[in-house]
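Participant:
Numbering (the numbering used here), first residue to last: 0 to 864.
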């Protein structure tokens, strides 16, 4: 056996492809050669006779390559494609052959940013090699599925395929399962015909999936992606050698080959490129679509006699078990992107895995069917409200400290054990494909491209008892904050009575003059309250969102996705139904219409457009509510009335559900090209328009106002607060700032105007340098910050491709306020809440920082409202 491996070269600073192969090859032996693109090098192994020898040979050749590349600041990636490149930086290798290929093939040559693995198996008789190529061709899609490692194209987009390299490769004119010939003479004649046709220039450009080698007495496998894991190459080599031996023996005995049509063979290849091991493959012997794990297992078992003859059975059967648990490199890359939303993380993982530095946990996963192998409740630093310096153990909502599922999670984890990692990974892949098709995306900070909004497979359960406690507390908090907003933009009694320091408004960036232009009892029509569980399992309010809280649509979509793809969860009938949520939102918006509005008020959802991070939510809610989705350029105000323009027609707008920043809204040009500010304020003052949520509401969710909410509840409602919140210090006040400076390494310090987790310093997790930087900021601009106790968020089991790991979670609950009788309001807590999930090892759950989500099952033992 022998192997040719192609490797991408990436700049270790930018993680982009780099055209430095000539420079690198100057430091390498002759077994490393140039390829068409100067961002690729190829390695040719020595001839080996056992899988152990091949394993050692490949690892040693990679070590030499990686060491030489690292010295030049270059990373080495063995994968079908790399997700980051700049086309202008790509260059074709300057040889006459490659320059001619560029001239002849143009786009195909320019986009040849792909790498494959070629495996050679010795077949001495060239006639037998040609005949055997056709006999093994039906089984090659299985080997492609094992190797799949190219889900992303070079522009960073997720292609929806496990091997986009296959799609790119198949564009060349001489690709296909195998040459349709029976003898070596026929094969050579075919190649000469192709050369004379002018389509190819030499025999090396016959790019069949399997072919007799042009330079050695071997049969060459060419269908596979490059593989970051050497173990995967060794597995494929063992299987390829076994199937070649089986078919050579059968040929000599006159046993008929498995014959399938070229069309079916191509379809099977497409299926393997599409799904890898995370879906179904084509079982060509029936033919039928079957789970990849079943097709692979059957194929391996059929080769057992040959594998035992070579002494490969123990090694190959063990590697197969591991790969079916771990899945493809394509799946691992997608998980790397889901963790933080950074394509650089994908490249870093590929570089590490190519160099053999990526940890393997699949053996434990295979040994524990519960997938809770090694499950440890996450630990973190002590909270600031304790003198203990020992790590504070987090509360895990689903798993007891002894590693046993809690009673209300037992049925789910019984299903986890019955499904296993491979099938769960297939469900996860199917969900992601659905999300891509449905545009269920979110834009992560710092990323130009919106990505799939990760939804974990394991649902979170909120018991009926807990939900009742939360419901009454959330309703109370929403009503108090609404009263505060009404008061602060009118009489400001809370200031006159000394409940709130008037300087608090000076520090509140959300306090706006536009907030005074308002009429009606409800300002906070839709609020989103972020809740956490502390280490004792007690609920705390972490944050209020009274401007444009997002998440409702994702909560509904998550339920529909999991119901469709994981019916085994058997959700209890007592779980709150989320399908009615859009109707409830519509009723809340209708109820907010001005008094003079018609009986059927017209509601319009206003969005900044497809570039908005929550664009999916805007389109989803508009469609589900059956209301118009508009942009600022569709609106104008005439005679104090807001109009929406569509083509040559126009319709009056009574309620504008605004899903864009207030400053952006007021400064955006309307239908007439003029900024909307004056017209909208006129319509509000005229009483012909309601904006939900009201302008100026940002003061209500200001982080410096948050500590005063318990006092607001007592002041406005005459009630004791029902939900506790996190102890908070406002650094703009000297005594509170001094306390924060004295305990900086123990606290969480947040910018008052920050969002999405940006600018947050978590003292116990921060470096000395980061803490000192924040200390300097607090000394010079203390009014910009607040500090809070370090509360270790509860954790929840989250599927990470191989097993369950504890990830920190929070909960965003939604409260709607509607006008009641007289000047009163009624609070409605939605039966849909969004569980947000931090990436592994992080405490920041915000979607804009790369966090994911879960379906949330809310028990209905108590009324929803």
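Glycine is no exception: its CB is placed at the ideal position from the N, C-alpha and C atoms.
#1: If you draw a straight line from the C-alpha of residue 75 to the C-alpha of residue 611, how long is it?
#2: Per DSSP, what kind of secondary structure is residue 642 in: helix, strand or coil?
#3: Tell me the DSSP secondary structure of residue 706 in three-state form.
#4: Could you compute how far the alpha carbon of residue 850 sits from the alpha carbon of residue 830?
#5: Can the beta-carbon of residue 471 be found less than 7 Å from the beta-carbon of residue 721?
#6: List the whole-angstrom C-beta distance separating residue 131 from residue 122, where the pair is believed to meet the contact cut-off of C-beta under 8 Å.
#7: Going along the chain, which residues of its own chain have a beta-carbon closer than 6 Å to the beta-carbon of residue 639, five neighbours each way excluded?
#8: Would the stretch 695-707 and the stretch 476-485 be scored as touching if the rule is three or more Cβ pairs under 8 Å?
#9: Can you tell me where the beta strand (DSSP E) with residue 462 in it begins and where it stops?
#10: So, is residue 192 buried or exposed, given that buried needs 16 or more other C-beta atoms within 10 angstroms?
#11: Measure the C-alpha to C-alpha separation of residue 349 and residue 73 and round it to an integer number of angstroms.
#12: Touching or not, the stretch 447-459 and the stretch 418-436, by the rule of three or more beta carbon pairs under 8 Å?
#13: Can you round the beta-carbon distance between residue 743 and residue 774 to whole angstroms, since I take them to be within the 8 Å contact cut?
#14: Roughly how many angstroms separate the alpha carbons of residue 385 and residue 561, rounded to a whole number?
#15: Run through DSSP, which three-state label would residue 623 get?
#16: Which two residues bound the contiguous alpha helix (DSSP H) that contains residue 882?
#17: CA-CA distance, residue 559 and residue 569?
#18: Is residue 553 closer than 7 Å to residue 852 when the C-beta atoms are compared?
#19: What would DSSP say about residue 326, mapped onto helix, strand or coil?
#20: With DSSP run on the structure shown, which of helix, strand or coil describes residue 950?
#21: If I follow the unbroken beta strand (DSSP E) through residue 47, where does it start and stop?
#22: Short check: CB of residue 710 to CB of residue 487, under 7 Å?
#23: Residue range of the beta strand (DSSP E) that residue 803 falls in?
#24: Residue 658 and residue 652 - do their beta-carbons sit closer together than 7 Å?
#25: Decide if residue 146 is buried, meaning its Cβ has at least 16 other Cβ atoms within 10 Å, or exposed.
#26: Which word fits residue 387, buried or exposed, when buried means at least 16 other C-beta atoms lie within 10 angstroms of its C-beta?
#27: Among the residues of its own chain, which have a CB less than 8 Å from the CB of residue 13, if the five just before and after it don't count?
#28: Where do the N-terminal and C-terminal ends of the beta strand (DSSP E) with residue 3 fall, by residue?
#29: From the DSSP output, in three-state form, read off residue 838 for me.
#30: Mind checking whether residue 267 and residue 281 have CB atoms under 7 Å apart?
#31: Quick check on the burial criterion: 16 or more other C-beta atoms within 10 angstroms. Buried or exposed for residue 389?
#32: Using alpha carbons as the reference points, say which of 50, 92, 46 lies closest to residue 22.
#33: Where does the unbroken beta strand (DSSP E) through residue 656 begin, and where does it stop?
#34: Per the contact definition of three or more C-beta pairs closer than 8 Å, is the stretch 127-144 in contact with the stretch 239-249?
#35: Of all the alpha helix (DSSP H) runs that stay within the bounds of the stretch 250-338, which reach a length of 4 or more residues?
#36: Helix, strand or coil: which one does DSSP assign to residue 121?
Facilitator: Looking at the atomic coordinates:
#1: Taking the chain shown and counting its residues from 1, one reaches residue 75 at position 76. Taking the chain shown and counting its residues from 1, one reaches residue 611 at position 612. Take the alpha-carbon of residue 75 and the one of residue 611: they are about 36 Å apart.
#2: Looking up residue 642 in the chain shown gives position 643. The answer is strand: DSSP assigns residue 642 an E or B state.
#3: Mapped onto the chain shown, residue 706 falls at position 707. In the structure shown, the three-state DSSP call for residue 706 is helix.
#4: Counting from one through the chain shown, the residue named residue 850 turns up at place 851. Counting from one through the chain shown, the residue named residue 830 turns up at place 831. Roughly 22 Å between the two C-alpha positions.
#5: Along the chain shown, one-based indexing puts residue 471 at 472. Along the chain shown, one-based indexing puts residue 721 at 722. Contact: yes.
#6: Indexing the chain shown from 1 puts residue 131 at position 132. Indexing the chain shown from 1 puts residue 122 at position 123. So it is a contact: roughly 6 Å between Cβ atoms.
#7: Here residue 639 corresponds to residue number 640 of the chain shown, with the count starting at 1. Same-chain partners within the cutoff: 681, 682, 685, 687.
#8: Note that the stretch 695-707 touches the stretch 476-485; at least 3 beta-carbon pairs, one per stretch, sit closer than 8 Å.
#9: Indexing the chain shown from 1 puts residue 462 at position 463. For residue 462, there is no enclosing beta strand (DSSP E), as DSSP marks it with neither H nor E.
#10: Taking the first residue of the chain shown as position 1, residue 192 is located at position 193. Residue environment analysis places residue 192 among the exposed positions, since fewer than 16 neighbouring C-beta atoms fall within 10 angstroms of its C-beta.
#11: Within the chain shown, the letter at position 350 stands for residue 349. Within the chain shown, the letter at position 74 stands for residue 73. Roughly 13 Å separates the two Cα atoms.
#12: Yes: the two stretches touch, three or more of their Cβ pairs being nearer than 8 Å.
#13: Along the chain shown, read from residue 1 onward, the residue named residue 743 stands at position 744. Along the chain shown, read from residue 1 onward, the residue named residue 774 stands at position 775. For residue 743 against residue 774, the beta-carbon gap comes to about 6 Å, under 8 Å, which counts as contact.
#14: Taking the first residue of the chain shown as 1, we reach residue 385 at position 386. Taking the first residue of the chain shown as 1, we reach residue 561 at position 562. In this prediction, residue 385 has a pLDDT of 31, which is less than 50 and means its spatial position is unreliable; nothing more can be read from the coordinates.
#15: The count along the chain shown starts at 1 and reaches residue 623 at position 624. Residue 623 falls in the helix class under three-state DSSP.
#16: This structure gives no information on residue 882, because the portion of the chain shown stretches from 0 to 864.
#17: Residue mapping note: residue 559 aligns to position 560 of the chain shown, counting from 1. Residue mapping note: residue 569 aligns to position 570 of the chain shown, counting from 1. Cα to Cα, residue 559 sits roughly 13 Å from residue 569.
#18: As a first step, residue 852 is located in the chain shown; it is residue number 853 there, counting from the start. As a first step, residue 553 is located in the chain shown; it is residue number 554 there, counting from the start. Against a cut-off of 7 Å, the Cβ pair of residue 553 and residue 852 comes out as a contact.
#19: In the chain shown, the residue the question calls residue 326 occupies position 327. Residue 326 falls in the coil class under three-state DSSP.
#20: The shown model of the chain, from 0 to 864, leaves out residue 950, and the question about it has no answer.
#21: For the purposes of this step, residue 47 is taken as residue 48 along the chain shown, with counting starting at 1. Looking at the DSSP string, residue 47 is not in any beta strand (DSSP E), and its letter there is neither H nor E.
#22: Counting from 1 along the chain shown, the entry for residue 710 is found at position 711. Counting from 1 along the chain shown, the entry for residue 487 is found at position 488. At the C-beta level, residue 710 and residue 487 stay beyond 7 Å of one another.
#23: Residue numbering aside, residue 803 sits at position 804 when the chain shown is read from its first letter. Per DSSP, the continuous beta strand (DSSP E) segment holding residue 803 begins and ends at 803-818.
#24: The sequence position of residue 652 within the chain shown is 653, counting from 1. The sequence position of residue 658 within the chain shown is 659, counting from 1. Cβ atoms of residue 652 and residue 658: not closer than 7 Å.
#25: Within the chain shown, numbered from 1, the residue matching residue 146 stands at position 147. Answer is buried; the Cβ neighbour count reaches 16.
#26: For the purposes of this step, residue 387 is taken as residue 388 along the chain shown, with counting starting at 1. Residue confidence is low: residue 387 scores 30 on pLDDT, short of 50, so the model does not pin down where it sits. Its coordinate-derived value is still stated next. By the beta-carbon neighbour count (other beta carbons within 10 angstroms, threshold 16), residue 387 is exposed.
#27: The residue you call residue 13 lines up with position 14 of the chain shown. Contacts found: 83.
#28: Numbered from 1 along the chain shown, position 4 holds the residue referred to as residue 3. Counting along the chain, the beta strand (DSSP E) containing residue 3 begins and ends at 1-10.
#29: Residue numbering aside, residue 838 sits at position 839 when the chain shown is read from its first letter. In this structure, residue 838 counts as coil in the three-state DSSP scheme.
#30: Position 268 of the chain shown, counted from the start, is the residue given in the question as residue 267. Position 282 of the chain shown, counted from the start, is the residue given in the question as residue 281. Yes, these two residues count as a Cβ contact at 7 Å.
#31: Here the question's residue 389 lines up with position 390 in the chain shown. For residue 389, the pLDDT reaches just 33, beneath the cut-off of 50, and the residue's location in the model is therefore unreliable, although a value from the coordinates is still provided. So residue 389 counts as exposed.
#32: Working through the chain shown from its first residue, we reach residue 22 at position 23. It is 92 whose Cα lies nearest to the Cα of residue 22.
#33: Against the chain shown, residue 656 aligns to sequence position 657. That run of the beta strand (DSSP E) goes 654-658.
#34: Contact annotation: the stretch 239-249 touches the stretch 127-144, with at least three C-beta pairs closer than 8 Å.
#35: Taken in chain order, the complete alpha helix (DSSP H) segments of 4 residues or longer contained in the stretch 250-338 are 261-274, 291-301, 303-309, 312-325.
#36: Here residue 121 corresponds to residue number 122 of the chain shown, with the count starting at 1. Looking at residue 121 - three-state DSSP - the assignment turns out to be strand.
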